[in-house]
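Student: The numbering of the sequence shown is our numbering, which starts it at 4 and goes up by one.
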Amino acid sequence: MGQILSTIKHWLFPNLAIPEHVRQKPWSQIPFLAIDLELTSLDANESNILSIGWVEGKACQMPLETCYYKVIKTQASLNQSPVIHGLLDEHISQGEPVRMALQDLLGYAQTHVWVFHNTSLDMSVLCKVFKKLKLETPTLVTLDTLQMALYQLKKSHDVPAPNAATLTSCRQRHNLPLAPAHNALDDAVATMELLFAQLRQFDPKGQEPLSALTVTGGLKVFTPANAM
4 MGQILSTIKH WLFPNLAIPE HVRQKPWSQI PFLAIDLELT SLDANESNIL
54 SIGWVEGKAC QMPLETCYYK VIKTQASLNQ SPVIHGLLDE HISQGEPVRM
104 ALQDLLGYAQ THVWVFHNTS LDMSVLCKVF KKLKLETPTL VTLDTLQMAL
154 YQLKKSHDVP APNAATLTSC RQRHNLPLAP AHNALDDAVA TMELLFAQLR
204 QFDPKGQEPL SALTVTGGLK VFTPANAM
């Protein structure tokens, strides 16, 4: 019953679910971690992680020495995914165990806001693997650049065109340069650049608290109760 009440409270009062130490902090002071996964499938229930990349960012600066990229070893079928990301069996066989990569990732759980382009997919996969590996997950605060893009389109009364929410399309609307695609680290860097452009459009002075981003639909909080 306690978990049910906690989940109801989480959805009815989303701002209260944001940890206090970041809730009222201006976004310009928030450390972000942009993360991307390359997967065997877009079906979160069936998908396995093939590679993971991330990069840190804060105050519209992105130290490239914080870049992280690992290919993940798996016995799962690659299906047609190599056509997209180019990872073949010989690459996967030399990869790192997923547990090691995710233990590294969880080191950022309480210090950074995690950023994805499609939080729903990536966090569904991550939560599935966290649970399978019995990795303890604290409260995670996430931002979704895809949802923020849809919010900005609706706010400007633009009707989203087909593929309007792809990472490439979103970057083009902010006049960001064409970036390499379908490599986990390249996409993480591209996502961080997009986030900074979106945040500057949302609040040019960088004074709005993180909680103000709830209105975009892109800010989500995953607790052990609702993530698993």
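We put the beta carbon where it would ideally sit given N, CA and C, even for glycine.
(1) Among residues of its own chain, excluding the 5 on either side of Ala200, which ones have a beta-carbon nearer than 7 angstroms to its beta-carbon?
(2) Taking contact to mean 3 or more Cβ pairs, one atom from each stretch, closer than 8 angstroms, check whether the region 151-163 and the region 123-141 are in contact.
(3) Can you tell me where the alpha helix (DSSP H) holding Leu129 begins and where it ends?
(4) Leaving out the 5 sequence neighbours to the left and right, which residues in its chain are closer than 6 angstroms to Glu41 when beta-carbon positions are compared?
(5) Determine which residues share a DSSP beta bridge with Gln201 and list them.
(6) Kindly indicate which residue of Pro29, Pro207 and Lys208 has the alpha-carbon position closest to the one of Val1.
(7) Roughly how many angstroms separate the alpha carbons of Gln32 and Lys61, rounded to a whole number?
(8) Starting from Tyr154, follow the alpha helix (DSSP H) in both directions and report where the run begins and ends.
(9) Using a 10 Å radius around the Cβ and a threshold of 16 neighbouring Cβ atoms, would you call Met195 buried or exposed?
(10) I want to know whether the region 19-27 touches the region 211-218 - three or more CB-CB distances under 8 angstroms.
(11) Sorted by chain position, which residues of the same chain lie with C-beta nearer than 8 angstroms to Gln106's C-beta, five sequence neighbours on each side aside?
(12) Mind checking who Ser54 pairs with in its DSSP beta bridge?
(13) Which residue comes first and which comes last in the beta strand (DSSP E) that contains Val218?
(14) Does the distance from the CB of Trp57 to the CB of Ala191 come in under 9 angstroms?
(15) Can you tell which of His120, Thr77 and Phe119 has its C-alpha closest to the C-alpha of Pro100?
Tutor: Judging by the given coordinates:
(1) Here residue 200 refers to the residue found at position 197 of the sequence shown. Same-chain partners within the cutoff: His177 and Leu179.
(2) Not touching, per the Cβ criterion.
(3) Position 126 of the sequence shown, counting from 1, holds the residue named residue 129. According to the DSSP assignment, Leu129 belongs to the alpha helix (DSSP H) that extends over Thr122 to Lys135.
(4) If you number the sequence shown from 1, residue 41 lands on position 38. Listed in chain order, the non-local C-beta contacts of Glu41 below 6 angstroms within the same chain comprise Leu53, Ser54, His88 and Ala187, local neighbours out to five positions each way being set aside.
(5) The sequence position of residue 201 within the sequence shown is 198, counting from 1. Answer is none; Gln201 lacks a bridge partner.
(6) Not covered by the structure: residue 1. The range shown for the chain is 4 to 231.
(7) Residue 32 sits at position 29 when you count from the first residue of the sequence shown. Residue 61 sits at position 58 when you count from the first residue of the sequence shown. Looking at the backbone, the Cα of Gln32 and that of Lys61 are separated by about 7 angstroms.
(8) Working through the sequence shown from its first residue, we reach residue 154 at position 151. Per DSSP, Tyr154 belongs to the alpha helix (DSSP H) from Thr148 to Lys158.
(9) Along the sequence shown, one-based indexing puts residue 195 at 192. Its Cβ being crowded by 16 or more others within 10 Å, Met195 is buried.
(10) They touch, by the three-pair rule.
(11) In the sequence shown, counting from the first residue as 1, residue 106 sits at position 103. These residues qualify, in order along the chain: Leu138.
(12) Walking along the sequence shown from the start, residue 54 turns up at place 51. Its beta-bridge partners are Glu41 and Val74.
(13) Your numbering for residue 218 matches position 215 in the sequence shown. Boundaries cannot be given for Val218, as no beta strand (DSSP E) includes it and DSSP labels it neither H nor E.
(14) Here residue 57 refers to the residue found at position 54 when the sequence shown is read from its first residue. Here residue 191 refers to the residue found at position 188 when the sequence shown is read from its first residue. A contact, by the Cβ cut-off of 9 angstroms.
(15) Your numbering for residue 100 matches position 97 in the sequence shown. Its Cα nearest to that of Pro100, the residue Thr77 stands out among His120, Thr77 and Phe119.
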